[in-house]
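**Q** Take the sequence shown: its position 410, counting from 1, is numbered 426 in our numbering, and each next residue is one higher.
I am attaching a structure below and will ask some questions about it afterwards.
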Amino acid sequence: MDEKQDLARFKPAGLLHGADYSPEQWLDEPDVLKEDVRLMQQASCNVMAVGIFAWSALEREEGVFTFGWLDETLDRLAAGGLRVWLATPSGARPPWLAAQYPEVMRVGPDRVRRLFGIRHNHCCTSPVYRQKVAEINGRLAERYARHPAVLGWHVSNEYGGECHCDLCQDAFRHWLQARYGSLDALNKAWWTAFWSRTYTDWRQIESLAPHGEHILHGMNLDWRRFVTDSTVDFCLHEIAPLRQANPELPVTTNMMGLYDGLDYRRFAPHLDVLSWDSYPAWHEKTDDSEAALAVSFQHDLFRSMKGRPFVLMESTPSTTNWQPASKLKRPGMHRLSSLQAVAHGADAVQYFQWRKSRGASEKFHGAVVDHAGRDDTRVFREVAELGSALKRLTAVAGAGTKAEAAILFDWDNKWAVENAQGPRNGGLHYEETLYAHYRPFWQHGVAVDVAGADADFSAYRLIVAPMLYLCREETAAKLERFVETGGVLVVTYWSGIVDASDLCYTGGFPGPLRKLLGVWAEEIDGLQDGEANTVSLLDGNGLGLSGEYACSELCERIHPEGAETLAVYKEDFYAGMPVLTVNRRGQGSAYYLAARMEEAFHEAFYAALMNTAGLRRAIGNRLPDGVTAQVRANGAEEYVFLLNFNKEKRRVTLAGPACRDVETGLEVEAGLFWLDGYEARVLSRPRRLTGSMPDMP
Ligand code: GLA
Ligand code: ZN
Numbered sequence: 017m018d019e020k021q022d023l024a025r026f027k028p029a030g031l032l033h034g035a036d037y038s039p040e041q042w043l044d045e046p047d048v049l050k051e052d053v054r055l056m057q058q059a060s061c062n063v064m065a066v067g068i069f070a071w072s073a074l075e076r077e078e079g080v081f082t083f084g085w086l087d088e089t090l091d092r093l094a095a096g097g098l099r100v101w102l103a104t105p106s107g108a109r110p111p112w113l114a115a116q117y118p119e120v121m122r123v124g125p126d127r128v129r130r131l132f133g134i135r136h137n138h139c140c141t142s143p144v145y146r147q148k149v150a151e152i153n154g155r156l157a158e159r160y161a162r163h164p165a166v167l168g169w170h171v172s173n174e175y176g177g178e179c180h181c182d183l184c185q186d187a188f189r190h191w192l193q194a195r196y197g198s199l200d201a202l203n204k205a206w207w208t209a210f211w212s213r214t215y216t217d218w219r220q221i222e223s224l225a226p227h228g229e230h231i232l233h234g235m236n237l238d239w240r241r242f243v244t245d246s247t248v249d250f251c252l253h254e255i256a257p258l259r260q261a262n263p264e265l266p267v268t269t270n271m272m273g274l275y276d277g278l279d280y281r282r283f284a285p286h287l288d289v290l291s292w293d294s295y296p297a298w299h300e301k302t303d304d305s306e307a308a309l310a311v312s313f314q315h316d317l318f319r320s321m322k323g324r325p326f327v328l329m330e331s332t333p334s335t336t337n338w339q340p341a342s343k344l345k346r347p348g349m350h351r352l353s354s355l356q357a358v359a360h361g362a363d364a365v366q367y368f369q370w371r372k373s374r375g376a377s378e379k380f381h382g383a384v385v386d387h388a389g390r391d392d393t394r395v396f397r398e399v400a401e402l403g404s405a406l407k408r409l410t411a412v413a414g415a416g417t418k419a420e421a422a423i424l425f426d427w428d429n430k431w432a433v434e435n436a437q438g439p440r441n442g443g444l445h446y447e448e449t450l451y452a453h454y455r456p457f458w459q460h461g462v463a464v465d466v467a468g469a470d471a472d473f474s475a476y477r478l479i480v481a482p483m484l485y486l487c488r489e490e491t492a493a494k495l496e497r498f499v500e501t502g503g504v505l506v507v508t509y510w511s512g513i514v515d516a517s518d519l520c521y522t523g524g525f526p527g528p529l530r531k532l533l534g535v536w537a538e539e540i541d542g543l544q545d546g547e548a549n550t551v552s553l554l555d556g557n558g559l560g561l562s563g564e565y566a567c568s569e570l571c572e573r574i575h576p577e578g579a580e581t582l583a584v585y586k587e588d589f590y591a592g593m594p595v596l597t598v599n600r601r602g603q604g605s606a607y608y609l610a611a612r613m614e615e616a617f618h619e620a621f622y623a624a625l626m627n628t629a630g631l632r633r634a635i636g637n638r639l640p641d642g643v644t645a646q647v648r649a650n651g652a653e654e655y656v657f658l659l660n661f662n663k664e665k666r667r668v669t670l671a672g673p674a675c676r677d678v679e680t681g682l683e684v685e686a687g688l689f690w691l692d693g694y695e696a697r698v699l700s701r702p703r704r705l706t707g708s709m710p711d712m713p
């Protein structure tokens, strides 16, 4: 795709505010539909996602199309000043389609074809499903691609899952043929001599099954890659008629955070803007910062994947109806969590759902408009207040984020690391590890990209690679160049273990990273829950660190091969062996952390590295626990988002020049000021184009 054209496609004039809207559930209540527009205006909404599950309403019987209600909806919304993400309806098919063409229904890993029901359960390979989808999408495109209300396409809904039907089995075999060329190559990559699995005919290969094959790790990885590729291909098939009708309209599909089933990076180049659905369990724990941290990381991921603003397509205005407890967002949390998305790069805050349905499985899911249909509810008020705030923040739309630090995250590594048996089946905690390494940056207000191995590393000064278990030779070579040209790299235990086929590197771990890190990881100890070892910092470690810290869960026994030892284990039979090392290479440094460390260590270690690498902190210093600051910049202005995830107020120290509160226009002088519990503030200041802001003493 032409990148320039791509950039031109999604550029809203201000921040978007809206919700998934299902008028098809209310067609026999025209007053409700009219009232909806009035309420949308009152809530300062400017966009609705329409038609997501409307296939039945659009094509009640095969070939019998009823677009009248959608014509009216779009016209009514346009007249009310609202724009529309128009959805393709492939996320759920009508009963006639499943009855007439059973092949469209998915076959489970148990090889049982699903009966008609629920949603998100079609076969991506089925030619009939593809044809029916192409037809309805083509008709929608022909009719609405130039409708003034339509802002862009919302393709399908939360692609996910997998199908094991005969068509998909054949498609998998073809995919494997294209990847490996020969069975010999496949047998080698999958290590099939193990337990007598050497394939001699492509037809012998069957996808994973609980009652069949699932122990070949290379095959498991390839299956996930195949499912991703076939879903991307289906998505492209959906997009083709849309782009044909109007190449200028942006296209997105809503994603689900770190959802395990698909490698979202493979979708990114094909979409004009990325969007995702965020449902953290606020207030599940007494400390909301843990949930906040995970969400911030995911927002960063969606911004980093295209290096530009994204859309928060769904969030709840109040509660979900599927978490163990449907806890209401405490007053203030709605504004806070919404501005959190904007802080990390969202140009839209949207909800599931506009109005609560009267029946079926989501009738108790939070909505802007409750069953009471009133505008004087707490939730409506908070939504309307946020809508006004987003208007005051119009200038933020399109603003970029400049991250000088990156955390590496790739889906194939996640799949491989979680698939491996040993060294700690009781919990490797890969995601938690990502968040643990992300936390110090979040606390210091240092912007972080969540980058894939394919990213351009030269954009960064510091790269953290937590558990880079699957590490390609190319990735290691790129990291070597990164360090040699002055980068600071941190790699942890359980890295450089397998290649792209999930085959272990021979000759010593961390495999292709061994030379760069200057260590050999001989073996790894999986500790029981509750067990710990102690790590002692050596004098003169160069980072100004001292004292002792606890480590747990995974402890490697490593040998320096050129690296300098900065900290050692104090206990057990490997007492005295290194835990933290540094290898100076070229202009840069490569640190290796051999054990899972407690939070206090990460805090001290990364604070030191932020200074070494000269990373810029949003307000010049570390923020109180549970408070973060994030910066977006537009033209000559910089916007600083201050977010307090504590129930109680916290004091922050603003370094540097005076700022202006974007919403009130009032000046905020440098120095101390208070953030209320769950408060979010947005300040502006002139943009600093160059130079970093080290920590204030
Ligand atoms: C998902 C779906 C929505 C709705 C919400 C409920 O994100 O896309 O249709 O079911 O969950 O939280
Ligand atoms: Zn199938």
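Ideal placement from N, C-alpha and C gives every residue a C-beta, glycine not left out.
To test your reading of the DSSP string, which unbroken alpha helix (DSSP H) runs of 4 or more residues are found completely within the stretch 423 to 480?
**A** If we require 4 residues or more, the alpha helix (DSSP H) runs fully inside the stretch 423 to 480 come out as 427 to 435, 446 to 460.
**Q** Give every residue of the same chain whose Cβ lies closer than 6 Å to the Cβ of residue 25, excluding the five residues on either side of it in the sequence, and list them in chain order.
**A** If we look at residue 25 and ignore the five residues flanking it on each side, its Cβ neighbours are 266, 288.
**Q** Does the beta carbon of residue 141 fall short of 6 Å from some heavy atom of the ligand ZN?
**A** True, at least one ligand heavy atom lies under 6 Å from that Cβ.
**Q** I'd like to check one pair, residue 466 with residue 423: are the Cβ atoms closer than 7 Å?
**A** Contact: yes.
**Q** The beta strand (DSSP E) with residue 507 in it runs from where to where?
**A** Note, residue 507: beta strand (DSSP E), 504 to 508.
**Q** Alpha carbon to alpha carbon, what distance is there between residue 490 and residue 96?
**A** Cα to Cα, residue 96 sits roughly 53 Å from residue 490.
**Q** Among the candidates 451, 357, 58, whose CA atom is the shortest distance from the CA of residue 417?
**A** The residue with the shortest Cα to Cα distance from residue 417 is 357.
**Q** Taking DSSP's pairing of strands, which residues face residue 291 in a bridge?
**A** Partner(s): 270, 327.
**Q** Could you tell me which of 149, 252, 515, 341 sits nearest to residue 79, measuring between CA atoms?
**A** Residue 79 has its Cα closest to that of 149, out of 149, 252, 515, 341.
**Q** Taking the alpha-carbon positions, what's the residue 318 to residue 181 distance?
**A** Their Cα atoms are separated by approximately 32 Å.
**Q** Between the C-alpha atoms of residue 452 and residue 618, what's the straight-line distance to the nearest angstrom?
**A** Each residue's Cα considered, the two are about 8 Å apart.
**Q** Indicate whether the contact test is met: 3 or more Cβ pairs, each with one atom in the stretch 245 to 257 and one in the stretch 141 to 161, closer than 8 Å.
**A** Short answer: they touch.
**Q** Starting from residue 152, follow the alpha helix (DSSP H) in both directions and report where the run begins and ends.
**A** That run of the alpha helix (DSSP H) goes 143 to 160.
**Q** Could you give the distance in angstroms between the alpha-carbon of residue 741 and the alpha-carbon of residue 383?
**A** Coverage of the chain is limited to positions 17 through 713, which leaves residue 741 absent and any answer about it impossible.
**Q** Can you give me the Cβ contacts of residue 154 inside the same chain, cut-off strictly under 7 Å, excluding the 5 residues immediately before and after it?
**A** Excluding sequence neighbours, residue 154 sits near 257.
**Q** Determine the extent of the beta strand (DSSP E) in which residue 535 is found, giving its start and end residues.
**A** From DSSP, the beta strand (DSSP E) with residue 535 extends over 535 to 542.
**Q** Looking at the structure shown, is residue 255 part of a helix, part of a strand, or coil, going by DSSP?
**A** Helix.
**Q** DSSP beta-bridge partners for residue 125?
**A** Beta-bridge pairing links residue 125 to no other residue.
**Q** Just mark residue 46 as buried or exposed, buried being the case when its beta carbon has 16 or more other beta carbons within 10 Å.
**A** Exposed, because fewer than 16 other Cβ atoms sit within 10 Å of the Cβ of residue 46.
**Q** Going by DSSP, what residues sit across from residue 553 in a beta bridge?
**A** Residue 553 is bridged to 583.
**Q** Which term fits residue 665, buried or exposed, when burial requires 16 or more other beta carbons within 10 angstroms of its beta carbon?
**A** When all chains shown are included, residue 665 counts as exposed.
**Q** Can you check the stretch 320 to 399 for any alpha helix (DSSP H) of at least 4 residues that lies completely inside it and give the ranges in chain order?
**A** Counting only runs of 4 or more, we get 349 to 359.
**Q** Can you tell which of 59, 690, 481, 506 has the C-alpha that lies nearest to the C-alpha of residue 367?
**A** Comparing Cα-Cα distances from residue 367 to each of 59, 690, 481, 506, the minimum goes to 59.
**Q** What first and last residue would you give for the alpha helix (DSSP H) that runs through residue 203?
**A** Counting along the chain, the alpha helix (DSSP H) containing residue 203 begins and ends at 199 to 206.
**Q** The alpha helix (DSSP H) with residue 192 in it runs from where to where?
**A** From DSSP, the alpha helix (DSSP H) with residue 192 extends over 182 to 196.
**Q** Please work out which residues of its chain come closer than 6 Å, Cβ to Cβ, to residue 448, disregarding the five sequence neighbours upstream and downstream, and give them in chain order.
**A** There are no such residues.
**Q** Compare the C-beta of residue 702 with all C-beta atoms of chain C and state if any pair is closer than 7 Å.
**A** Although the question refers to chain C, the structure presented lacks it and comprises just one protein chain.
**Q** Among 284, 584, 316, 296, which residue has its Cα nearest to the Cα of residue 353?
**A** Checking every option, the nearest Cα to that of residue 353 belongs to 296.
**Q** Cβ atoms of residue 517 and residue 484: under 7 Å apart, would you say?
**A** It is not a contact, given that the beta carbons lie outside the stated cut-off.
**Q** Express the C-alpha separation of residue 552 and residue 586 in angstroms, rounding to a whole number.
**A** About 6 Å.
**Q** Per DSSP, what are the beta-bridge partners of residue 659 in this structure?
**A** Paired residue(s): 644, 696.
**Q** On the DSSP bridge assignment, give the partners of residue 68 in chain order.
**A** None; residue 68 has no bridge partner.
**Q** At the level of alpha carbons, what is the spacing between residue 548 and residue 573?
**A** When rounded, the distance between both Cα atoms is 15 Å.
**Q** Quick check on the burial criterion: 16 or more other C-beta atoms within 10 angstroms. Buried or exposed for residue 706?
**A** With a pLDDT of 46 at residue 706, under the threshold of 50, the modelled position of this residue cannot be trusted; read the value that follows with caution. Label assigned to residue 706: exposed.
**Q** Please find out if some non-hydrogen atom of the ligand ZN comes closer than 6 Å to the beta-carbon of residue 192.
**A** No, since every heavy atom of the ligand ZN falls outside the 6 Å radius drawn around the Cβ of residue 192.
**Q** Between which two residues does the alpha helix (DSSP H) carrying residue 618 extend?
**A** Here the alpha helix (DSSP H) through residue 618 covers 615 to 629.
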